[in-house]
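Step one of this worksheet: look at the structure below.
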Amino acid sequence: MEVAGRLSRVASVKRHRRWRSRKLLATLIVVAVVGGLGGAADLAYISLKGQAAQLQTELTAYIQAGQFELEAGQASLKQANAQHDVKLVAEATAHFVAAKAKFVAAGQLADSSRLLQDLEKIPVVADLVRPRQAAVNGIAKMGAAISDAGQELAALDGQLLKPAATGEAGSTLLSVLSQAQTSLTKVRDDFARAQAAAASVDVQVLPAGQQATLLKARDTISSALAGLDEFDRLVPVLTEVLGGRGTRNYLVEQVNPTELRAGGGFIGSYSLLRVNHGTLTLVSSGDSYVLANPRPLPGQTGFIPLPDAYREVIPQVSWSFVDSNVYPDFPSNAKAAERFVQPRLHIKLDGVIAIDYYAVAKMLELTGPLAVPGYSLTVNSTTFVEFLVQHDFAQDAIHKAILSAIAGPLMKRISALPAERWPALIAALNDAATGRHLQSYFNNASVQAEMDRFGWSGIVNPTQLPNYMMEVESNYGGSKANYFVVRHYTVVLTRRGSLLHHQVTVDLVNNIPYRSNTIVHYKDYLRLYVGRIASSTSNNLRPPKFPEVGTPTSMRLTDGWLPDINCCGASGQAIFEYDTPWPSQGVERIYWQKQPGTVNDKVDVVWNNGNGHTYRVSGDLGQDRIITLTPTTVTLTAGQPAQATLPSLSLG
223 MEVAGRLSRV ASVKRHRRWR SRKLLATLIV VAVVGGLGGA ADLAYISLKG QAAQLQTELT
283 AYIQAGQFEL EAGQASLKQA NAQHDVKLVA EATAHFVAAK AKFVAAGQLA DSSRLLQDLE
343 KIPVVADLVR PRQAAVNGIA KMGAAISDAG QELAALDGQL LKPAATGEAG STLLSVLSQA
403 QTSLTKVRDD FARAQAAAAS VDVQVLPAGQ QATLLKARDT ISSALAGLDE FDRLVPVLTE
463 VLGGRGTRNY LVEQVNPTEL RAGGGFIGSY SLLRVNHGTL TLVSSGDSYV LANPRPLPGQ
523 TGFIPLPDAY REVIPQVSWS FVDSNVYPDF PSNAKAAERF VQPRLHIKLD GVIAIDYYAV
583 AKMLELTGPL AVPGYSLTVN STTFVEFLVQ HDFAQDAIHK AILSAIAGPL MKRISALPAE
643 RWPALIAALN DAATGRHLQS YFNNASVQAE MDRFGWSGIV NPTQLPNYMM EVESNYGGSK
703 ANYFVVRHYT VVLTRRGSLL HHQVTVDLVN NIPYRSNTIV HYKDYLRLYV GRIASSTSNN
763 LRPPKFPEVG TPTSMRLTDG WLPDINCCGA SGQAIFEYDT PWPSQGVERI YWQKQPGTVN
823 DKVDVVWNNG NGHTYRVSGD LGQDRIITLT PTTVTLTAGQ PAQATLPSLS LG
């Protein structure tokens, strides 16, 4: 018994050291086997130790190799999606095939091991062997199932990343999506097998380091399933928008930010796009007044008074398409545009898209210089905005004609971009939407919900923070001053007991040069939209004679007219003030939404914390911002960005 006891203690020490040294899941069985032999003779111990070590080595090699190939395949597939490189898809497939072979071999080796079969018959070690053998089998099956899913995803990605040599990308994409359902069903089945296999592994029998490995594998499965869910969510949206269920008609508003309006700018020109099974057609394009004139006069049938302060300036002019974007939120503007335009076009519109000069310049960055049909000139991204402004300021209508002339070629060039340029296209559109130079509205509720989620829809207060503000200006004087106006915001926030006092100052300088035959003053109607929690709102502006229509129900409005700001460096100042409750948790977040059509206005924020301390931060309003106040800090960070992505299929 004494010898047996020493052997037991020696075996126990050796067992403990081996347990700590194992890094691969396959060694668990070996640990259990040797650990159950504490009372055996030396010869038996040495013999089994040798067999166990050999089994350990073989299982370790298979599972380690399978894991390596699986990770290599996952990396290649991610790179293929990021770079839109079909060659990387082929590499991923090869890795997944190799991974499955290794995992299958590991499972077969464990199942066929005579050593394990014999040990399972010994009561003293059977309870230790079985869960560890089950762990190896579960991990092998999980790895094989993930490898199968990887092969299927790679095949599908290869189709998505390889558009046809001829034809439009949209048509090719729809064709691939329509064929994807069978593949996606199989992929889900593969991941279901992988999840079941992973769930069969008792995490408690694994060393701490290997527990993390298994949990990571489970996270990979969950992440991959989430990617499939995202793909499933995007497929019907893409199918609808690209006309996969029939012809869709979209009105494109080409707004002029040099004559600023609530929706981004005066609607100077338009295009009508038709999409049918991915094929894009420009139906018509031209001056927006074509869709407005003749406008009825007061007393005539169809006359509609303007719904905001603009009525003071042109009371005899009926509200129409050209002035339809009077609201702070784009869905309201789009619905108004549809009501005016559909009767004149005699077609059903399925959505409205607004783009300004800056968004077009972004598109030209992708397409490169573009020759203007019918004109001896070429436009490019760096000079496009300035070129249009110069002609507009000179009251030369050529700028509208040029916008109309390039609409078709620009859309054709964009729709023909090769697959490797798709990520750059989406990034450019996200950029434009983040700066609110691109806004979109679709009548299909499901599609519009996705536009909201992407940040492309132009809804107000996208994060629904209670403390919210959005300053909106409308140039109602007919000038093109906004290209020359310098705007600066100073936001002073002061805690006064249970209240937070807001003072928002807008300093404006009109640097438009003098020209005798051109309107050069800035007639500015300003609005500040704030959350419903705001109280004691006031401003230093002349009150409008007509109340604003269409203030969102979740907001309050304070508005008025600024005295006209003349040219050549004259200035004006608007001051808004209001209070909100100071939050009990002592931290406040204010969502500050940028107006469409503006660029990078400078911002200074001053925070008086109520205890005699003042903190400052500066930045710009190139996109939505969030002001965060704590007792000792103030920060100005980015608001919700636009975040659309192409359908991407990978292993997490």
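Residue numbers (my numbering): 223 to 874.
Backbone N, C-alpha and C define an ideal beta-carbon position, used for all residues, glycine too.
Every value quoted in this text rests on a predicted model; they were computed, and no experiment measured them.
* So the alpha helix (DSSP H) Y580 belongs to, where does it begin and stop? -> For the purposes of this step, residue 580 is identified with residue 358 of the sequence shown, where counting begins at 1. That run of the alpha helix (DSSP H) goes 579–589.
* Any Cβ of chain D within less than 8 Å of the Cβ of G700? -> You won't find chain D in this structure, because it holds only one protein chain.
* To do: State the beta-bridge partners of I787 as determined by DSSP.
  => Walking along the sequence shown from the start, residue 787 turns up at place 565. For I787, which the question treats as bridged, DSSP gives the partners Y744.
* Let me know the alpha helix (DSSP H) ranges lying completely inside the segment 389–425, each 4 residues or longer, listed in chain order. => 391–421
* If you run the structure through DSSP and keep just helix, strand and coil, what is I755? -> Counting from 1 along the sequence shown, the entry for residue 755 is found at position 533. In this structure, I755 counts as coil in the three-state DSSP scheme.
* According to the neighbour-count rule (16 or more other Cβ atoms, all chains shown, within 10 Å of its Cβ), is Q661 buried or exposed? -> Locating residue 661 in the sequence shown gives position 439, counting from the first residue. So Q661 counts as buried.
* Which full runs of the beta strand (DSSP E) of 3+ residues lie inside the segment 494–535, going along the chain? -> 501–509
* A297: which of D846, E695, H317, A366 sits nearest, CA to CA? -> Reading the sequence shown from its first residue, position 75 is the one you call residue 297. Closest option to A297, Cα to Cα, is H317.
* Asked: Distance, Cα to Cα, R737 vs V707?
  -> Along the sequence shown, one-based indexing puts residue 737 at 515. Along the sequence shown, one-based indexing puts residue 707 at 485. Each residue's alpha carbon lies about 16 Å from the other.
* To do: For Q725, name the three-state secondary structure that DSSP assigns.
  => Position 503 of the sequence shown, counting from 1, holds the residue named residue 725. DSSP places Q725 in strand when its eight states are reduced to three.
* Contact between the segment 577–591 and the segment 507–526 (3+ Cβ pairs under 8 Å) -> no
* Hey, quick one: how far does the alpha helix (DSSP H) through S334 stretch, first residue to last? -> Position 112 of the sequence shown, counted from the start, is the residue given in the question as residue 334. Segment 308–334, the alpha helix (DSSP H) holding S334.
* With distances taken Cα to Cα, identify the nearest neighbour of W829 among D823, N822, Y837. => Numbered from its first residue, the sequence shown carries residue 829 at position 607. Nearest of D823, N822, Y837 to W829, Cα basis: Y837.
* What residue range is occupied by the uninterrupted beta strand (DSSP E) comprising P803? -> The sequence position of residue 803 within the sequence shown is 581, counting from 1. Its beta strand (DSSP E) spans residues 792–803.
* **Cβ-based burial, S701 [other Cβ within 10 Å; buried from 16]** => Position 479 of the sequence shown, counted from the first residue, corresponds to residue 701. The residue in question, S701, is buried, as its Cβ has 16 or more Cβ neighbours within 10 Å.
* To do: Leaving out five residues on either side along the sequence, give the residues of the same chain with a beta carbon under 6 Å from the beta carbon of G288.
  => As a working mapping, residue 288 is identified with position 66 in the sequence shown. Contacts found: A321, K324, F325, G365.
* Asked: Buried or exposed: E608, going by 16 or more other Cβ atoms within 10 Å of its Cβ?
  -> Here residue 608 refers to the residue found at position 386 when the sequence shown is read from its first residue. By the neighbour-count rule (16 or more Cβ atoms within 10 Å), E608 is not buried but exposed.
* To do: Just grab the DSSP bridge partners of N440 for me.
  => For the purposes of this step, residue 440 is taken as the residue at position 218 of the sequence shown. Position check: residue 440 holds Arg in this sequence, whereas Asn was assumed. According to DSSP, which records beta bridges pairwise, R440 is partnered with nothing at all.
* Three-way DSSP call (helix, strand, coil) for T600 in this model -> Translated into positions along the sequence shown, residue 600 becomes position 378. Of the three classes helix, strand and coil, the one that applies to T600 here is strand, per DSSP.
* Asked: Is the segment 548–555 close to the segment 480–487, with three or more CB pairs under 8 Å?
  -> yes
* To do: For Q815, name the three-state secondary structure that DSSP assigns.
  => As a first step, residue 815 is located in the sequence shown; it is residue number 593 there, counting from the start. The answer is coil: DSSP assigns Q815 none of H, G, I, E or B.
* Put T656 into one of helix, strand or coil per three-state DSSP. => Translated into positions along the sequence shown, residue 656 becomes position 434. Looking at T656 - three-state DSSP - the assignment turns out to be helix.
* For S491, the three-state DSSP class (helix, strand or coil) -> Position 269 of the sequence shown, counting from 1, holds the residue named residue 491. Strand at S491.
* Expected contact under 8 Å - CB spacing of R749 and D781 to nearest Å -> To locate residue 749, count along the sequence shown from 1; it is residue 527. To locate residue 781, count along the sequence shown from 1; it is residue 559. Yes, R749 and D781 are in contact; Cβ-Cβ is about 4 Å, under 8 Å.
* Asked: How big is the Cα-Cα spacing for T315 and P818?
  -> Within the sequence shown, the letter at position 93 stands for residue 315. Within the sequence shown, the letter at position 596 stands for residue 818. Rounded to whole angstroms, T315 to P818 spans 45 Å at the Cα level.
* To do: Hey, could you find the ends of the beta strand (DSSP E) V825 is sitting in?
  => Against the sequence shown, residue 825 aligns to sequence position 603. It spans 824–830 - the beta strand (DSSP E) in which V825 sits, taken as one unbroken run.
* Asked: Measuring CA to CA, which of S400, N683, D618, P640 is closest to Q305?
  -> Mapped onto the sequence shown, residue 305 falls at position 83. That would be P640, whose Cα lies nearest to the Cα of Q305.
* Asked: Any idea which residues DSSP pairs S668 with across the strands?
  -> Residue numbering aside, residue 668 sits at position 446 when the sequence shown is read from its first letter. DSSP lists no partner for S668.
* To do: Could you work out which residue in P479, E693, F562, V497 is closest to P516 when comparing CA atoms only?
  => The residue labelled residue 516 in the question sits at position 294 within the sequence shown. Looking at the Cα atoms, F562 is the closest of the given residues.
* How many angstroms separate the CA atom of Y813 from the CA atom of P518? -> Translated into the one-based positions of the sequence shown, residue 813 becomes position 591. Translated into the one-based positions of the sequence shown, residue 518 becomes position 296. Rounded to the nearest angstrom, the two C-alpha atoms are 41 Å apart.
* Can you name, in chain order, every residue of its own chain whose Cβ lies under 6 Å from the Cβ of V477, other than the five neighbours on each side? -> The residue labelled residue 477 in the question sits at position 255 within the sequence shown. For V477, where only same-chain residues beyond five positions count, the Cβ hits under 6 Å are G486, G487, I489, A576, D578.
* To do: Could you tell me the distance, in whole angstroms, from the CA atom of E452 to the CA atom of Q815?
  => By one-based count along the sequence shown, residue 452 stands at place 230. By one-based count along the sequence shown, residue 815 stands at place 593. In a straight line, the C-alpha of E452 is about 27 Å away from that of Q815.
* Measure the beta-carbon distance from G794 to P853 and round it to whole angstroms, keeping in mind my assumption that it falls under 8 Å. => As a position in the sequence shown, residue 794 is number 572, starting the count at 1. As a position in the sequence shown, residue 853 is number 631, starting the count at 1. With 8 Å as the limit, G794 and P853 do not qualify as a contact, their Cβ atoms being about 35 Å apart.
* Asked: DSSP on L639, reduced to helix/strand/coil?
  -> Numbered from its first residue, the sequence shown carries residue 639 at position 417. Coil at L639, not helix or strand.
* **Expected contact under 8 Å - CB spacing of N689 and S776 to nearest Å** => Here residue 689 is taken as the residue at index 467 of the sequence shown, counted from 1. Here residue 776 is taken as the residue at index 554 of the sequence shown, counted from 1. In fact, because the Cβ distance is near 12 Å, the residues do not count as touching under 8 Å.
* Asked: So what does DSSP say about L246, is it helix, strand or coil?
  -> For the purposes of this step, residue 246 is identified with residue 24 of the sequence shown, where counting begins at 1. Bear in mind that the predicted position of L246 carries a pLDDT of just 37, short of 50, making it too unreliable to give a figure here.
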